Amino acid sequence: MTREDRTLDKRDTMTAEERLRAVINLQVPDRVPASSLNNYFAGSYGGITMRQVWDDPQAFRAALFKCWEDLGPWDFHYPVNVRYPELYSFVMPMKARWPGMNLPDDCIHQLLEEEVLAPEDYGWVTSISRQTPNWSYIRLSKRVASRIWQQVEEGWRGYVYLLPRFLHHLATWAKEFEMWKRKGLAILYSLIIEAPFDYFSLARGLVPFIKDVRSRSEEIVTATDALIDGYVRICRLVAGLLRVPRIEIAVHRSASDFISPQTFRELSFPSLKKLVEKLLLHNITPILHCDGNWDLNLETLRELPAGSAMVQFDGPTDIFLAKRVIGDRVCIMGDVPNHLLCLGSENEVDEYCHRLIEEVGRDGGYVMGAGCEIPPNAKPENVRTMFQSVFKYGYYNK
Amino acid sequence: MSESIASLIAEMEEERTLAQVKEALDAGRDPLSIVEELREGMAVVGKRFEEKEYFLPDLILSAEIFKQAIALIEPHLQAVDTPSRGSIVIGTVQGDIHDIGKNIVATMLRCSGYDVHDLGVDVTPQSFVEKVKETGSGLLALSGLLTLAFDSMKETVQALEKAGLRDRVKVIIGGGPVNETVVGYSGADAYGKDPAEALKLAGIYLG
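Which chain is which? The protein sequence lines are P and S, in order.
The working numbering numbers the first residue of the first sequence as 171 and each following residue consecutively.
The working numbering numbers the first residue of the second sequence as 4 and each following residue consecutively.
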């Protein structure tokens with residue numbers, strides 16, 4: 171396969187992988203790249219059920235490929251189709267309802283706001299992190315999985331249940347990654363984890379966690395800090411196995427929709443920053459997925475190491491403000507809003523994408539993408555317009 | 004001199020608020036005036052939230068204190084009719100089971116003196132219509148986190164129209180992806196981007 175085979179357009183002078191590395195390093199690539207967080211939309215567009223999105227990898231690959239052919243291309247494969255729902259507990263430690271299990275086949279999965287971890291678990295996490303620092307994240311996530319799924323037993327039997335599924339999941343992703351690499355795409359990351367503070371927020375439930383923040387802040391700080399080595403271990407393991415040296419860190423509950431900027435700065439950011447720094451020490455690039463409104467947290471994000479991470483925003487954040495405040499520190503991805511993709515016209519999407527490219531894409535350090543996941547009921551023509559905008563407006567040497 | 008109940012709850016002084024409420028009740032103060040003062044404090048919380056001095060945790064914690072204070076006052080209210088600011092039906096629309104935002108809005112509306120009929124999650128358009136009919140509510144609050152909720156919101160508004168109720172019922176919507184465009188699409192009257200805006204809209208439509 172020649173270098174030319176791996177470019178997506180005849181005007182491209184970089185491969186997708188080179189483009190990805192350039193934007194993360196805040197260099198100016200040949201053009202703005204596009205990324206596709208495309209899971210349930212691929213299912214609906216490709217004519218398969220939402221259940222098949224997670225339980226039939228072959229059907230899902232075909233659906234995503236149909237999207238790629240009809241509406242693409244895009245530069246980065248953004249994988250989220252965790253192969254087994256039980257493993258989803260390692261990504262988002264929450265109970266959920268799943269299509270084909272406790273929802274109709276054609277509904278998307280939905281998370282439930284319930285307490286999965288108890289207040290005593292902060293101390294337990296600190297204790298296991300001291301005993302077995304490298305395995306703390308896996309032990310914690312296994313405990314969470316056991317509390318969510320009856321079939322994941324407490325103790326070693328739980329690992330016996332999960333391990334083959336985890337390996338099968340990795341094999342499925344490895345196969346997908348190879349397919350997309352052959353088409354000239356870069357793989358955005360090999361694993362999704364939840365930031366330490368946010369992990370507890372999700373697993374405790376929002377209201378109990380807010381009370382914990384008030385009454386147990388020291389326990390939270392100690393537990394989140396203690397977990398870092400365990401996070402790094404699993405990230406190194408999976409990044410090595412799948413040969414993709416990038417990890418997505420989801421930060422679902424640290425926006426100022428959920429906590430104050432002061433709480434973010436004092437309780438959430440310290441462990442997040444430490445995790446980012448430790449991953450970078452192991453040559454793993456962190457990609458932060460920041461849901462909600464981050465306008466008031468942008469100054470704090472400036473403390474992230476320059477030119478070595480990416481931050482994705484999902485719509486509520488003023489991405490143009492973000493460019494001004496942190497654009498010289500981190501690469502920014504986003505944020506074509508869901509309502510625009512679902513209800514807007516092609517012209518409106520085109521105008522918004524053009525503005526993103528001109529303002530957020532100025533001087534590099536930007537990736538075009540939807541705000542969070544492309545919604546299942548997005549208009550296909552709008553999705554196509556979003557992806558095509560980088561070829562229409564995104565070349566730096568016009 | 005002791006601080007007012009309103010300022011204590013506005014500062015989220017849980018123990019001191021409850022102590023002051025008990026003291027006031029023991030002194031034979033009119034329970035309705037204590038409720039009114041608690042609501043004044045909650046209004047201060049709402050204002051500080053709008054001004055970004057307070058954040059969601061402050062809304063939640065102050066509402067928790069309010070609920071505890073009301074539990075202390077309730078036995079003293081039995082013989083008295085608590086005045087209501089109006090009746091509201093609320094729920095997460097069909098196909099969506101997310102409830103955290105809806106629950107917070109429902110709590111804040113209750114704290115502000117509205118009768119709130121919470122239908123829960125995954126509520127069909129017909130169930131909303133029936134509850135509006137049954138309660139005579141003048142405001143319907145629809146919540147949804149998924150973009151798939153846009154269609155359910157629209158169908159609910161259409162069901163209200165079909166039942167001949169739309170003229171006397173205002174519809175407000177809220178949830179992560181909801182904005183002005185979704186108001187136009189669904190046929191609702193307005194959207195609240197956070198609990199404080201929902202409260203403000205309730206004030207506009209119901210007083």
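Backbone N, C-alpha and C define an ideal beta-carbon position, used for all residues, glycine too.
These numbers come from a predicted model, not from an experiment.
Neighbour flag for residue i against chain P, beta carbons, 7 Å
| i | result |
| --- | --- |
| residue 63 (chain S) | yes |
| residue 34 (chain S) | no |
| residue 180 (chain S) | yes |
| residue 194 (chain S) | no |
| residue 117 (chain S) | no |
| residue 188 (chain S) | yes |
Chain-ordered chain P contacts of residue i [CB-CB under 9 Å]
| i | result |
| --- | --- |
| residue 102 (chain S) | 282, 283 |
| residue 150 (chain S) | 508, 509, 511, 512, 513, 545, 546, 547, 548 |
| residue 59 (chain S) | 376, 380, 426, 427, 428, 429, 430 |
| residue 131 (chain S) | Going along chain P, no residue has its Cβ under 9 Å from residue 131 (chain S), so there is no contact; the nearest lies around 20 Å. |
Three-way DSSP call (helix, strand, coil) for residue i in this model
| i | result |
| --- | --- |
| residue 4 (chain S) | No answer about residue 4 (chain S) holds up, because its pLDDT of 46 lies below 50 and its placement is not dependable. |
| residue 54 (chain S) | coil |
| residue 220 (chain P) | helix |
| residue 246 (chain P) | strand |
| residue 71 (chain S) | helix |
| residue 173 (chain S) | strand |
| residue 117 (chain S) | coil |
| residue 290 (chain P) | coil |
| residue 94 (chain S) | strand |
| residue 544 (chain P) | coil |
| residue 378 (chain P) | helix |
| residue 400 (chain P) | helix |
| residue 428 (chain P) | coil |
| residue 125 (chain S) | coil |
| residue 260 (chain P) | coil |
| residue 320 (chain P) | coil |
| residue 285 (chain P) | coil |
| residue 184 (chain S) | helix |
| residue 183 (chain P) | coil |
Burial state of residue i, where buried means 16 or more other Cβ atoms lie within 10 Å
| i | result |
| --- | --- |
| residue 314 (chain P) | buried |
| residue 228 (chain P) | exposed |
| residue 517 (chain P) | exposed |
| residue 144 (chain S) | buried |
| residue 566 (chain P) | exposed |
| residue 224 (chain P) | buried |
| residue 533 (chain P) | exposed |
| residue 479 (chain P) | buried |
| residue 208 (chain P) | buried |
| residue 482 (chain P) | buried |
| residue 345 (chain P) | exposed |
| residue 352 (chain P) | exposed |
| residue 429 (chain P) | buried |
| residue 271 (chain P) | exposed |
| residue 493 (chain P) | buried |
Contact under 7 Å by Cβ, residue i with residue j
| i | j | result |
| --- | --- | --- |
| residue 360 (chain P) | residue 412 (chain P) | yes |
| residue 202 (chain S) | residue 193 (chain S) | no |
| residue 100 (chain S) | residue 124 (chain S) | yes |
| residue 418 (chain P) | residue 459 (chain P) | yes |
| residue 115 (chain S) | residue 160 (chain S) | no |
| residue 461 (chain P) | residue 484 (chain P) | yes |
| residue 434 (chain P) | residue 467 (chain P) | yes |
| residue 230 (chain P) | residue 251 (chain P) | yes |
| residue 195 (chain S) | residue 104 (chain S) | no |
| residue 134 (chain S) | residue 92 (chain S) | yes |
| residue 168 (chain S) | residue 89 (chain S) | no |
| residue 68 (chain S) | residue 8 (chain S) | no |
| residue 477 (chain P) | residue 489 (chain P) | no |
| residue 311 (chain P) | residue 260 (chain P) | yes |
| residue 375 (chain P) | residue 284 (chain P) | yes |
Neighbour list for residue i in chain P, Cβ cutoff strictly below 8 Å
| i | result |
| --- | --- |
| residue 184 (chain S) | 509, 510, 513, 514 |
Contacts that residue i makes with chain S (C-beta to C-beta distance below 8 Å)
| i | result |
| --- | --- |
| residue 267 (chain P) | 100 |
| residue 408 (chain P) | Here the premise fails: no neighbours, minimum Cβ distance about 29 Å. |
| residue 277 (chain P) | 98 |
Residue i: contacting residues in chain S (beta-carbon distance under 9 Å)
| i | result |
| --- | --- |
| residue 383 (chain P) | 60 |
Neighbour list for residue i in chain P, Cβ cutoff strictly below 7 Å
| i | result |
| --- | --- |
| residue 52 (chain S) | Chain P residues near residue 52 (chain S): none, gap ~11 Å exceeds 7 Å. |
| residue 69 (chain S) | Simply none; closest approach about 14 Å. |
Minimum Cβ-Cβ distance from residue i to chain C less than 7 Å
| i | result |
| --- | --- |
| residue 366 (chain P) | Of the protein chains in this structure, namely P and S, none is chain C. |
Proximity test, residue i beta-carbon vs the ligand ZN heavy atom, cut-off 6 Å
| i | result |
| --- | --- |
| residue 396 (chain P) | Among the components modelled here there is no ligand, and therefore nothing to report on the ligand ZN. |
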